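Under this note's numbering, the first residue of the sequence shown is numbered 328, with each subsequent residue one higher.
Here's the structure we're looking at; comments come further down.
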Amino acid sequence: MKMGDWEVRVLSGGTFRLDGGSMFGTVPKVVWDKLCPADAENQILMDTNCLLLRGHGHTVLVDTGNGDKETDAFMARFKFEGRGILDANLAKEGVRPEDIDLVILTHLHFDHAGGSTRLNEAGEPVPSFPKARYVLQARDLENARTASIRERASYLPKNWEPLQAAGLLDLVHGAKEILPGLSVRPVPGHTPGLQAVVLEGGGRKLVYLADLIPTSHHIQPAWVMGYDIDVVTCLEERMKLLDEAAGTDTILIFEHDPTVPAGTVSRDPKGKYVVTPVELRVKA
Ligand SMILES: [Zn+2]
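What follows is the structure, given as structure tokens:
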């Protein structure tokens, strides 16, 4: 899809599975299981929908999926599928890792930043996109480095310390325009430093929501995740964003939704939010 000078694609960094109860917090299983059927281990299918943006002389990737560094045991625990799929999907678009000059990380949890680094021949983690600047909220790096035991399992230093060591991390403080029409916007709650990515071009707006609203089912503001650190802030940020987007042609990207990665939002006659899918995917 074209948005002004920007060409926009959603591409998968591979699927995985997380506990359905953790994904839907206090929503009863009898409700969410009809929408996202749980498997024998009570896990539900999740995607890692990354965004590829090309325009104004730049090639930009937003989030990087789980990556390919993990052990077979770690991958089995979360049923990772698609080793190498991000590279393969980029190649289908004619993009090599060294062509990417900007990576925006919404936060450093492993299912978003895992693909930021890869193992070299010596088995050491090195930047996956060696010519890219990696943009991140300073608040998220601080949170990652000082994570409490509640969050520590999600923050794996091998996903970002090699970026810092190579001098590739660009830390930002709050909202900022990064390139023409492309900006970041803090949306705290899931983590204190979570940022959404906003693209404006050709009279249209797109918001990459990351874990603020991870799937189209989480469009109901009270459907917060067990993983969200500050539930009330998360709820407020969601309502603010949904108030802006509802009834407009703003495209929302649902990073973890395997079926509806993108859509617009409106309210039905009862005031409930409804998503209308928009197809932006590169088919695997
Ligand atoms: Zn996530």
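Idealized CB from N, CA, C, for every residue including glycine.
Keep in mind that this is a model prediction, so the values were computed, not measured.
{"query": "Quick one: any contact between the segment 560-568 and the segment 374-383, if contact means 3 or more CB pairs under 8 angstroms?", "result": "no"}
{"query": "With a CB to CB cut of under 6 angstroms and the five nearest residues on each side skipped, what residues in its chain are close to Leu-413?", "result": "Gly-340, Gly-392 and Gly-442"}
{"query": "Output the boundary residues of the beta strand (DSSP E) element that contains Leu-562.", "result": "Note, Leu-562: premise wrong, no beta strand (DSSP E); alpha helix (DSSP H) at 558-572."}
{"query": "Is His-544 near ligand 1, going by C-beta to nearest heavy atom under 7 angstroms?", "result": "no"}
{"query": "State the DSSP-derived secondary structure class of Glu-612, mapped to helix, strand or coil.", "result": "With the chain covering 328 to 611 only, the question about residue 612 has no answer from this structure."}
{"query": "Using the beta-carbon of each residue, find all residues closer than 5 angstroms to any heavy atom of ligand 1 and list them in chain order.", "result": "Asp-438 and Asp-538"}
{"query": "Just reading off the alpha helix (DSSP H) that Trp-333 is part of, what are its end residues?", "result": "Trp-333 -> not in any alpha helix (DSSP H); beta strand (DSSP E) instead, spanning 333-339."}
{"query": "Report the residue from Lys-532, Pro-541 and Phe-407 whose alpha carbon sits nearest the alpha carbon of Val-397.", "result": "The amino acid occupying residue 397 in the given sequence is Glu; Val does not appear at that position. Ranking Lys-532, Pro-541 and Phe-407 by Cα distance to Glu-397 puts Phe-407 first."}
{"query": "Using a Cβ-Cβ cutoff of less than 6 angstroms, which residues in the same chain neighbour Asp-390 once the five nearest sequence positions on both sides are dropped?", "result": "Cys-377, Thr-433 and His-439"}
{"query": "So Glu-527 is in the beta strand (DSSP E); what residue range does that whole segment cover?", "result": "522-528"}
{"query": "Please report the residue range of the alpha helix (DSSP H) in which Ile-656 lies.", "result": "Nothing in the structure corresponds to residue 656, since the chain is present only between 328 and 611."}
{"query": "If you scan the segment 436-470 from start to end, which runs of the beta strand (DSSP E) of 3 or more residues do you find wholly inside it?", "result": "444-446, 452-454 and 460-464"}
{"query": "According to DSSP, is Gly-434 part of a helix, a strand, or is it coil?", "result": "Note that residue 434 corresponds to His in the displayed sequence, not to Gly. Coil at His-434, not helix or strand."}
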